[in-house]
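Inspection log for the structure reproduced underneath, given as structure tokens.
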Amino acid sequence: MRNIFVWAICCVAGACCMILPSCSKSDSARKVTVGFSQIGAESDWRSANTLSIKNEAKTRGVDLRFADAQQKQENQIKALRNFIDQKVDIIAFSPVVETGWQGVLEEIRASGIPVILTDRGVDVTDKSLFVTLISPDVIEEGRKAARWFVENTTGDLKVFELRGTPGSSPAIDRKQGFAEVITNHPRIKIIKSQDGNFERGKGKDVMEAFLKTPEGREFNALYAHNDDMALGAIQAMKEAGLKPGKDIKIVSIDAVKAAFHALIDGELNCTVECSPLLGPQLFDTVETVLAAKTLRRHGAKHKLIKPVVLDALKEDIFIKRIMVNEGVFDQSDARKLIDTRKY
Ligand code: AHR
């Protein structure tokens, strides 16, 4: 009995050594390979997210195959198929839009490679096509933005909404969260809503055009689905002689450093945090998924690892969503906090 127990321990330790780069002598011979398909570089948030993932892979000695999709779903699908051909250990990606993934996810499943989603969700009926989604509560971010308007303004608010990429989960969820809250506050109304693709340049162009419309002459609040679009819109407002932050109350999402500067300058009123620093959680999850896979393989073959050990590592106990905690910042705390910001 004692021998069986010792064998089981060795087996668990062996499995861990196969996946944790720090404990194997054959590190250089067999690195963990992760294929990551990134959306692009549309915002400061995205650049910080890419850096977090690349840095963490380097720290852990992971062979990261990184592909930039330049905001195109077809490029992401191509990259995912490429990762299957490369036989990577894990595929991770941040989906540019919610729909259209079922087919390629089924191809990945047939290849036996586990999938981890980061930052954005997919709309598929079969949730077992991916192991987990590492992301904040994005609907709640929309609610937080609306609550700032509710708690910090009086009188009628005519809101212009700058939406993120059409069909993307944050554009859908941030709209939904905001709408849920303002529905109980009839003084706050969205008078116009337009796409700005999460880009600073687009935010500026859209605001320039909007200011020339009848609604553009009567709005007094801006809700932007990310900081970059708000910053572009602020620029357009200043060029048109408006005082953003005063004439127009502005709330956006992400809490990037540039937004803190705008808060300090009095041109932005509030930014809701959405952390892009997902690298550590991504690679913790990669290690856990690979450990579970290895242990299951050994267990099935030898039937010697105690059932309790295997049960605890079954894939289906992975929560389908790993949440990230986030704050809300306005002009009252920006100066004090700016030096603590990591992105
Ligand atoms: O999916 C996260 C969103 O995508 C961020 O809010 C935005 O800045 C980014 O481009």
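Just so you know, we're using my numbering here: the sequence shown kicks off at 1479 and counts up by one.
Ideal Cβ positions, reconstructed from N, Cα and C, are used throughout, including at glycine.
ask   = With 16 other CB atoms within 10 Å as the buried threshold, where does Ile1742 fall?
value = exposed
task = Could you have a look at Ala1545 and say whether DSSP puts it in helix, strand or coil?
result = strand
message = Beta-carbon within less than 6 Å of Lys1682's beta-carbon, same chain only, minus the 5 sequence neighbours each way: which residues are those?
response = Gly1710, Gln1713 and Ala1714
ask   = Does DSSP put Leu1782 in a helix, a strand or coil?
value = For Leu1782, the predicted model reports a pLDDT of 39, less than 50, meaning its position is unreliable; a value from the coordinates is still stated below. Residue state, collapsed to three classes: coil.
ask   = Whose C-beta lies closer than 7 Å to the C-beta of Asp1794 among residues of the same chain, with five residues either side of it excluded?
value = With a pLDDT of 44 at Asp1794, under the threshold of 50, the predicted position of this residue should be treated as unreliable, though the coordinate-derived value follows. Nothing listed; no residue qualifies.
request  = Mark Lys1605 as exposed unless 16 or more other C-beta atoms lie within 10 angstroms of its C-beta, in which case mark it buried.
outcome  = exposed
task = For Phe1676, verify whether its CB is less than 7 Å away from any heavy atom of ligand 1.
result = yes
ask   = What do you reckon, is the C-beta of Ile1731 under 7 Å from a heavy atom of ligand 1?
value = yes
Under 8 Å between C-beta atoms of Leu1611 and Val1582 = no
query = So which of Asp1567, Phe1638 and Arg1598 has the shortest CA-CA distance to Pro1573?
reply = Arg1598
inquiry  = Pairs of beta-carbons, one from the region 1515-1532 and one from the region 1743-1754, closer than 8 Å: are there three or more?
reply    = yes
ask   = My guess is that Arg1819 and Phe1761 are in contact by the Cβ rule of under 8 Å, so how many angstroms apart are they, rounded?
value = 23 Å between Cβ atoms; not a contact.
query = At which residue ranges does the region 1594-1630 contain complete beta strand (DSSP E) runs of 3 or more residues, listed in the order of the chain?
reply = 1610-1612
task = For the region 1687-1697 and the region 1650-1667, state whether three or more C-beta atom pairs, one from each stretch, are separated by less than 8 Å.
result = no
query = Does the beta carbon of Asp1706 fall short of 7 Å from some heavy atom of ligand 1?
reply = Inclusion of Asp1706 in the 7 Å shell around ligand 1 follows from its C-beta lying nearer than that to a non-hydrogen atom of the ligand.
request  = Under 8 Å Cβ to Cβ from Ile1669, same chain only, skipping five residues before and after it: list those, please.
outcome  = Lys1636, Val1637, Phe1638, Glu1693, Glu1696 and Phe1697.
ask   = What are the residues that DSSP puts in a beta bridge with Ser1589?
value = BP columns for Ser1589 are empty, so no partner.
Cβ-heavy atom distance, Ser1530 to ligand 1, below 7 Å = Ligand 1 never approaches Ser1530 closely enough for any of its heavy atoms to be under 7 Å from the residue's Cβ.
Three or more C-beta pairs below 8 Å linking the region 1611-1620 and the region 1628-1635 = no
ask   = Do Val1600 and Trp1579 have their C-beta atoms closer together than 8 Å?
value = The beta carbons of Val1600 and Trp1579 sit closer together than 8 Å.
Status (buried if at least 16 other CB within 10 Å, exposed otherwise) for Ser1506 = Confidence in Ser1506 is poor, its pLDDT being 49 and thus under 50, which makes the residue's placement unreliable; the coordinate value appears in the next sentence. Ser1506 should be labelled exposed.
ask   = How about Ala1708 and Leu1700: do their beta carbons lie closer than 8 Å?
value = yes
request  = Would you decide whether Ser1810 is buried or exposed? Buried here means 16 or more other CB atoms lie within 10 Å of its CB.
outcome  = Under this definition Ser1810 is an exposed residue.
Selection from Leu1542, Gln1516, Gly1674 and Ser1589 that minimises the alpha carbon distance to Gly1645 = Gly1674
message = If contacts are defined as beta-carbon pairs under 8 Å, then Thr1511 and Asp1541 qualify, I think. What distance do you get, rounded to the angstrom?
response = 5 Å
query = Exposed or buried, Pro1664, counting other C-beta atoms within 10 Å across all chains shown (16 or more means buried)?
reply = exposed
ask   = Out of Val1602, Glu1765 and Ile1517, which has the shortest C-alpha to C-alpha gap to Gln1548?
value = Ile1517
key: Closest residue to Lys1724 among Asp1732, Lys1735 and Ala1740 (Cα-Cα distance)   = Ala1740
ask   = Just to check, is the beta-carbon of Glu1520 closer than 7 Å to a non-hydrogen atom of ligand 1?
value = Yes.
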